[in-house]
Each structure stands twice: as structure tokens, then as C-alpha cells.
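S.K.:
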Amino acid sequence: MARPEKIRLGDVLVAQKVISQAQLADALDRQRQSGRKLGRVLVENGYASEEQISMAIARQMNIPFVDLRRIQVKPDIVRLLPEQTARRFRAVVLENRDSGVLVAMADPTDIFAYDEIVRVLKKTVELAVVTESALGQFIDGVYRRTDEISELARSLSEELGSEAIDISQLASTGAAEDAPVVRLLQSIFEDALQVGASDIHIEPTDIRLQIRVRIDGVLHVSTEADRRIGPALIQRLKLMGEMDIAEKRLPQDGRFVVRVQQKQIDVRLSVIPVQYGESAVMRLLAGGGEVTLENTGIPAETLERFQRLIHRPNGLVLVTGPTGSGKTTTLYGALSELNSPEVKILTVEDPVEYRLPGINQVQVAEKIDLTFARALRAFLRQDPDVILVGEMRDQETALIALRAALTGHLVLSTLHTNDAASAAARLMDMGAPPYLLASSLIGIMAQRLVRKLCPMCAEVMPLTPTERIWLKPELDKGLSAEGFKRGRGCPHCNFTGYKGRQGVFELLEIDATLAGLLNSGNTKLFYEAAKRKLAGRTLHDEAVRLAVEGVTSVAEAMRAAHQSED
Numbered sequence: 001m002a003r004p005e006k007i008r009l010g011d012v013l014v015a016q017k018v019i020s021q022a023q024l025a026d027a028l029d030r031q032r033q034s035g036r037k038l039g040r041v042l043v044e045n046g047y048a049s050e051e052q053i054s055m056a057i058a059r060q061m062n063i064p065f066v067d068l069r070r071i072q073v074k075p076d077i078v079r080l081l082p083e084q085t086a087r088r089f090r091a092v093v094l095e096n097r098d099s100g101v102l103v104a105m106a107d108p109t110d111i112f113a114y115d116e117i118v119r120v121l122k123k124t125v126e127l128a129v130v131t132e133s134a135l136g137q138f139i140d141g142v143y144r145r146t147d148e149i150s151e152l153a154r155s156l157s158e159e160l161g162s163e164a165i166d167i168s169q170l171a172s173t174g175a176a177e178d179a180p181v182v183r184l185l186q187s188i189f190e191d192a193l194q195v196g197a198s199d200i201h202i203e204p205t206d207i208r209l210q211i212r213v214r215i216d217g218v219l220h221v222s223t224e225a226d227r228r229i230g231p232a233l234i235q236r237l238k239l240m241g242e243m244d245i246a247e248k249r250l251p252q253d254g255r256f257v258v259r260v261q262q263k264q265i266d267v268r269l270s271v272i273p274v275q276y277g278e279s280a281v282m283r284l285l286a287g288g289g290e291v292t293l294e295n296t297g298i299p300a301e302t303l304e305r306f307q308r309l310i311h312r313p314n315g316l317v318l319v320t321g322p323t324g325s326g327k328t329t330t331l332y333g334a335l336s337e338l339n340s341p342e343v344k345i346l347t348v349e350d351p352v353e354y355r356l357p358g359i360n361q362v363q364v365a366e367k368i369d370l371t372f373a374r375a376l377r378a379f380l381r382q383d384p385d386v387i388l389v390g391e392m393r394d395q396e397t398a399l400i401a402l403r404a405a406l407t408g409h410l411v412l413s414t415l416h417t418n419d420a421a422s423a424a425a426r427l428m429d430m431g432a433p434p435y436l437l438a439s440s441l442i443g444i445m446a447q448r449l450v451r452k453l454c455p456m457c458a459e460v461m462p463l464t465p466t467e468r469i470w471l472k473p474e475l476d477k478g479l480s481a482e483g484f485k486r487g488r489g490c491p492h493c494n495f496t497g498y499k500g501r502q503g504v505f506e507l508l509e510i511d512a513t514l515a516g517l518l519n520s521g522n523t524k525l526f527y528e529a530a531k532r533k534l535a536g537r538t539l540h541d542e543a544v545r546l547a548v549e550g551v552t553s554v555a556e557a558m559r560a561a562h563q564s565e566d
């Protein structure tokens, strides 16, 4: 392909009637004032879209326009161009052909960038044009920071050497921003944020140090390194979390805030002693918009019923599900809806995950005997309207919460049960009297999280034999076996086939019939009646619905439903 020539973007867009001469004149004036690129000014002012501009350039240069969101590429081919070069010149390799390589660029008229790419690749370069925003997402998806993390880990390992060194001294040099341990942690956080991870796991094994990240509920290996760097990393994290760096025999919890890529991340740190050293897990809580019930993904009909429950003046509302099923998010959404100057809200949590303005939140501290039960007893002297109990863990907490719900307070809490119908039996097992449950409990929401299919690579695929067996009751009732989707994996979803998560919910409202069965103490009859009331709206039914609608795969629906059917 011939070396590209510089073109005047404005003239090209006017000639192809993408924008008018008046719009170009206005955009040029704004460009001179702001110093931004003309294309960006045109997009920001609504004169043209990124796709229109890129397609106009493609027509002018007689090169293809590529929608990066809808193509399948091999990461190894993309990485023919080093990440630093790809980001600097806004270009990616899409194909490696016998005749040369196909390179997509946001600005294929950049002659300097073209020459540098040819020099790096040492091959004939054929050009394509892509939009700036799609290119940024594509690069983030393919160029994980795993290579950088591995290189920094090697650098730190070499610095430690084979001789014993004073780890405390190394870890306490906070001013040395270029120290390998600091740069390694920075890269780990940047990689986790880039791929949307919720947790970072640093785990020593007998021969290696393993670093993994949890994306959409599933762990992925980020990198493996020399196990000797583990103590330096853990020591640094302990200092950041204000822990005792000398204590290596007992579990410790801490918290700190880091700023990564102009975002403030609240990090919850847990360190425990394991066989080959200390293991650290960091929960990343990115500050975002206010959590509302509307953005939790609860279906409209279920949401309306749940809102009626939480606006009752008194009673106990439970949200149940396994760890990591989104219970806290749902409860925080409820608190956000109830929060107003006229309402006194108190919460007791372990830990306080998000700071909610206008709400009084208490952190459990077992060391000083500040337990759920003790905080609850104190709450009742604080004249609250709404009380949130982070978790029902013991009989004393359950009894105080139930009595509070009976005496004019709305109490919200979580419980670890498989489904909504079994929550009452769990409370009775904890020692809650049937009459107290019947008088206080007004509703139970059970929930799970399923991974959503990546919109860029989801495609219709036939059901597997296992999926057919699982769907047999629905197929026997007339559900078509055609049209179910799976994600094949692409750069947009880090080649997992999934992007983001969606809640699956079932809501059981306690009516007079169910309250009477609770009062009798017959948990079996209550469970059977509750299941009849939930017929057609169980977690299983909702998971199947999401698979039918193409929101998730049948495999994910099976995983969510099996958790409730075990």
C-alpha cells in the first residue's frame, strides 16, 4: 500500500455532505478556542458522529472502515504491535497476511505514525480506519497489563536477590515512588480497574506467587511471579491498610483509598496466614453514582412489590442469597429510596461497604465488643425509623431485630439461605419464636447474579445435551429449543463471552395464610405454601427467562438456579 497522504478533514466531510460549510466554520472557531482536534469538536457539538467521520475518511482514502466491536481477532496477532506503540499511535494489528499486515488506525492520515508502525512491524502495512472510542476499548481489552506486572515482579525479585533483606525497611520507603514494589502494586490496581475486577487475590504457593482477579464473579489468573516478592507486597499493603506489620500469625483486616486513573477506589483488605506465607484479598469498591433500586436490575413488577414492602412503617424485610449475590447493593438501593430528612436511618454493618450521605452507619468491632446485637440495643435508644442489620448471624441479633420490627421500626437485613421460602426455617433454627416471626416478617427477597452475554460476540448456538435435560420441563411445555445464545469471546469482554452481571430475583410477600403457618411453627407446611405462592416467579423461572431473552447463557442460568435448588 502507498504511503498515506495528509487530507483536510473538514473539506472531506463537507464534500461528502456529512456536515455543512456553516457547521465546519463554527467547528473551526471552537477548535481555535479550545485547541481540541476538529473531529472531537464536531462530535461534541452533534454535527457528526464518530462513525460518520471514520467512514468519510475511509471513502476518501479508499480503505475499509472496521467496526472493532463486531470482529473476531486473535490476541497474539494484535500484540505484534507493542502496547506502548499501539496507544501512542492509536493503531492495532487486525490481520497478519502473506502480503503484509492489516493495521486499523483512528487517524490513518498520520504519516509519522504510519512510518513508525512500518518500522516496528518490518512488514508491508495495509490500512483500515476505526473510531477513536472503539479503539480505546479494544486496546484496553487486548493489552492487559499482565506483561507489565510480570516484568515489574521480575524486577522486584532481582532487587530482593538471593540474600535475606530487611523487608520492613523496603516496605516503609513510601517516598520512593519508583520502587519496584510500589510500581508493581500500581500496575496491579490499574489492570484490575481496566478489566472491571471486583477483587484482587495475592496468594503464595510452594513455588510461585499467584495474582488473580475476579471479573464478573469468576477468578482469572493475572500473573505468576517469584514467591520471594510476596512478603514485600504484603508488607506494603499492611502499611497502607494500617495493620500491624509485625503480626504474621493472625488474620488482619484493613482499609485504604487509592487513586487510579483519576478514579478514587476504596479498598477493603484482608490478610490471613496460609501454608506458604500470607495471602491477601482486596475488595475494590469504586466510587460511582448513587445506588438506586431502579439500577439494580429488579424486574418492574417485582420492584413495585418490593417498594411497597420497604415503605411499610414497620416489619422485617430480608434479602437472602450466597456471598457475592448483590444483597448489599439491593439493601443500599432500598436505603437510598427511604433516605430523607424526615427519616432517621441507622445501619450496623461488617464492614461498612459504601458511605451513604445522611445515614448513620456503624462498623462492627469485635475487639471492643461492638457486636451486631450490642449496636442494635443501642439503636433502639436512638429513636430510629429504619434499621439495617448487615447480617443475621446469631440468635441474639435475630431476636432484637424481630422485636424492633414488631415495635414500630422497619428493619432490613440479610440472611444466607438458598431461596426465599427457606429463610423462615433458618430463623427458627437460630431460635426465633414462631409467634415473633409471624408478627414481624413481611417479605423475603432471594437473589443471585448471572453474567450477561457480551453484546459484541453473543451468537445463537444449539443447546448442549446437558442444557436440553435441564430445560426439559420448559421444552415439554412448548418452549422452543432454538435461539439460545452463547458468547464466543472477543476483546470487548476479555475473551470470556460475558460482560457485566444481571440480578435474578424472587420475592415472597408474607400474607395472612403464610403468617398463620409461621405461627404454627410447621416449617414444612410453610415451605410448601411459599413455593406454591412463588410458582412461575422463582429464581429458576427468572433465570430461564433471562436465557430465553438472550441476556445470559443457559449455562449461567443453570448455575444460578442450581444454587437455589441444592
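Just so we're aligned, residue 1 is where the sequence shown starts under full-length UniProt numbering, counting upward by one. Note that the Cβ used here is the ideal one computed from N, Cα and C, for glycine as well.
From G521 to P434, what does the alpha carbon distance come to, in whole angstroms?
M.R.: 5 Å
S.K.: Pick from L250, T397, K238 and Q31: whose alpha carbon is nearest that of Q275?
M.R.: The shortest Cα separation from Q275 among L250, T397, K238 and Q31 belongs to L250.
S.K.: Given T329, which residues of its chain have a CB within under 8 Å of its CB, disregarding the five upstream and five downstream residues?
M.R.: V291 and T296
S.K.: From the DSSP secondary-structure annotation, give me the bridge partner or partners of G443.
M.R.: V317 and E509
S.K.: Does the beta-carbon distance from L463 to V554 come in below 8 Å?
M.R.: yes
S.K.: Report yes if the CB atom of A512 is closer than 8 Å to the CB atom of G487, and no otherwise.
M.R.: no
S.K.: List the residues that DSSP assigns as beta-bridge partners of R249.
M.R.: Beta-bridge pairing links R249 to no other residue.
S.K.: Give the single residue among Q261, Q16, R90 and S133 whose Cα lies nearest to the Cα of D67.
M.R.: For the residues Q261, Q16, R90 and S133, the minimum Cα distance to D67 belongs to S133.
S.K.: Should L233 and V181 be called a contact, given that it needs their Cβ atoms to be closer than 8 Å?
M.R.: In this structure, V181 lies closer than 8 Å to L233 by Cβ.
S.K.: Does S480 pass the burial test, meaning 16 or more other C-beta atoms within 10 Å, or should it be called exposed?
M.R.: exposed
S.K.: At the level of alpha carbons, what is the spacing between A424 and I202?
M.R.: 38 Å
S.K.: Let me know if A15 comes out buried or exposed under the rule of 16 or more other beta-carbons within 10 Å of its beta-carbon.
M.R.: The residue is exposed, with fewer than 16 neighbouring Cβ atoms inside 10 Å.
S.K.: By the DSSP assignment, the alpha helix (DSSP H) with L546 in it spans what residues?
M.R.: L539 to V548
S.K.: Just the C-alpha distance for R79 and I387, rounded to the nearest angstrom, thanks.
M.R.: 53 Å
S.K.: Note the first and the last residue of the continuous beta strand (DSSP E) segment covering A280.
M.R.: G277 to A286
S.K.: Could you give the uninterrupted runs of the beta strand (DSSP E) lying entirely in the stretch 313-359, keeping only those of 3 residues or more?
M.R.: 315-320 and 345-349
S.K.: Would you call the stretch 435-447 in contact with the stretch 320-329, where contact means no fewer than 3 C-beta pairs closer than 8 Å?
M.R.: yes
S.K.: Taking the beta strand (DSSP E) that P75 belongs to, which residues open and close that run?
M.R.: Counting along the chain, P75 falls outside any beta strand (DSSP E), though it belongs to the alpha helix (DSSP H) covering P75 to V78.
S.K.: To test your reading of the DSSP string, which unbroken alpha helix (DSSP H) runs of 4 or more residues are found completely within the stretch 206-241?
M.R.: 230-240
S.K.: In the structure shown, what three-state DSSP assignment does L370 receive?
M.R.: strand
S.K.: Please report the distance separating the alpha-carbon of residue 598 from that of C493.
M.R.: No answer is possible for residue 598: it lies beyond the span of the chain, which begins at 1 and ends at 566.
S.K.: Which residues share a DSSP beta bridge with T414?
M.R.: T414 pairs with V319.
S.K.: If you drop the 5 nearest sequence neighbours on each side, which residues of the same chain put their C-beta closer than 7 Å to that of T538?
M.R.: E506
S.K.: For D226 and A153, I'd like the C-alpha separation in whole angstroms.
M.R.: Straight-line measurement puts the Cα of A153 at about 7 Å from the Cα of D226.
S.K.: Does the contact criterion of 3 or more C-beta pairs under 8 Å hold for the stretch 412-426 versus the stretch 376-384?
M.R.: no
S.K.: Does the Cβ of A557 have 16 or more other Cβ atoms within 10 Å, making it buried, or fewer, making it exposed?
M.R.: buried
S.K.: So does the stretch 51-64 actually touch the stretch 73-92, counting three or more Cβ pairs closer than 8 Å?
M.R.: no
S.K.: By how many angstroms is the C-alpha of R228 removed from the C-alpha of I167?
M.R.: For I167, the pLDDT reaches just 33, beneath the cut-off of 50, and the residue's location in the model is therefore unreliable, leaving the point undetermined.
S.K.: Given that a residue counts as buried once 16 or more other Cβ atoms are within 10 Å of its Cβ, and exposed if not, what is Q84?
M.R.: exposed
S.K.: Would you be able to state if there are at least three C-beta pairs under 8 Å between the stretch 391-407 and the stretch 371-379?
M.R.: yes
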